[in-house]
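For the sequence shown, the residue numbers in the working numbering are -3 to 172.
A virtual CB, placed ideally from N, CA and C, is assigned to each residue, including glycine.
Each remark here refers to the structure printed beneath this line.
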Amino acid sequence: TEAMTLGTRIVVLKDGIIQQVDTPQALYNTPQNLFVAGFIGSPQMNLLDAKVVENAGAVTLELGANFSIKLPEAKGKKLIEQGYVGKTVVAGIRPEDIHDEELFLTSSPDSIIEATIKVYELLGAEVNLHFDLDDVTCTAKVNPRTTARPGDTVKFAIDLSKLHIFDKETEQVICH
-3 TEAMTLGTRI VVLKDGIIQQ VDTPQALYNT PQNLFVAGFI GSPQMNLLDA KVVENAGAVT
57 LELGANFSIK LPEAKGKKLI EQGYVGKTVV AGIRPEDIHD EELFLTSSPD SIIEATIKVY
117 ELLGAEVNLH FDLDDVTCTA KVNPRTTARP GDTVKFAIDL SKLHIFDKET EQVICH
């Protein structure tokens, strides 16, 4: 946290190997691999295995058995061009890019998921809602005026412009 606050350029190391050298904002917004994605940010980025599916030129990510999101054309095209159709990738989304507000739900119909809230964590100016997508616990950082409470089934919209996609094997970024 101190490095993000005080530094103008940061070197992220893992086992003595440089993972990424960049500004704090670039590390946060454009992590180059899964390690940096999970290391920078609190709460950390939600990371989910996702199968890439193409249907009539549209590309979706199947996030487990019950959830799928339609990708923006540019991200879908990149996955097609790089041969990821039919393969499993890792989808990364930061908690603050998962929304429960009606404005986001109505403007982002391709990115809506439903989940049951497990934990409600009030932090003053924000609330962390914890929920499961299949066997992965995820976190959404939402407005403290939310009415969602544990046990409620809530619709969330994912800001697909902030979705990160990583190669599952190499752990390197495919697209942001």
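Looking at C-alpha atoms only, which residue of the options is the closest neighbour of residue i?
| i | options | result |
| --- | --- | --- |
| Thr143 | Asp131, Thr102, Leu118 | Leu118 |
| Thr4 | Lys151, Gly12, Lys10, Asp18 | Asp18 |
| Gly79 | Glu50, Arg90, Ile65 | Glu50 |
| Arg145 | Ser157, Glu92, Asn124 | Asn124 |
| Leu23 | Gly12, Gly37, Asp11 | Gly37 |
| Asp131 | Asn139, Pro105, Phe63 | Phe63 |
| Asn139 | Glu98, Met41, Gly147 | Glu98 |
| His172 | Gln16, Ala70, Arg141 | Ala70 |
| Phe35 | Arg141, Asp96, Ala(-1) | Ala(-1) |
| Lys66 | Tyr116, Met41, Thr135, Pro105 | Pro105 |
By Cβ distance, which residues of its chain are closer than 6 Å to residue i, with the 5 residues on each side in sequence left out?
| i | result |
| --- | --- |
| Gly72 | Val55 |
| Leu156 | Pro68, Ser107 |
| Leu75 | Val48, Val55 |
| Thr8 | Note on residue identity: the sequence assigns Val, not Thr, to residue 8. Contacts found: Gln15, Gln16, Val32. |
| Thr135 | Pro39, Pro91, Asn124, His126 |
In chain order, what residues of the same chain lie with their CB nearer than 7 Å to the CB of residue i, ignoring the 5 residues before and after it?
| i | result |
| --- | --- |
| Val221 | Nothing can be reported for residue 221, as the shown portion of the chain is limited to -3 through 172. |
| Leu101 | Ile108, Lys151, Ala153 |
What does a CB cutoff of less than 8 Å around residue i pick up in its chain, not counting 5 residues either side in sequence?
| i | result |
| --- | --- |
| Ser103 | Ala153 |
| Thr133 | Lys114, His126, Phe127 |
| Asp148 | Thr112, Ile113 |
Please confirm whether residue i and residue j have their CB atoms less than 8 Å apart.
| i | j | result |
| --- | --- | --- |
| Phe127 | Lys114 | yes |
| Leu129 | Leu43 | no |
| Lys158 | Asp93 | yes |
| Gly88 | Ala33 | yes |
Distance, Cα to Cα, residue i vs residue j?
| i | j | result |
| --- | --- | --- |
| Glu167 | Ala121 | 34 Å |
| Gln28 | Ile14 | 11 Å |
| Ile6 | Glu77 | 32 Å |
| Arg90 | Pro39 | 8 Å |
| Pro82 | Leu2 | Checking the displayed sequence, the identity of residue 82 turns out to be Gly instead of Pro. Their backbone Cα atoms lie some 43 Å apart in a straight line. |
| Ala12 | Pro20 | Looking at the sequence shown, residue 12 is not Ala but Gly. The straight-line gap from Cα to Cα measures roughly 20 Å. |
| Thr26 | His95 | 20 Å |
Inspect the CB distances between the region 105 to 112 and the region 58 to 68 and report whether three or more fall short of 8 Å.
At 8 Å Cβ cutoff, the stretches touch.
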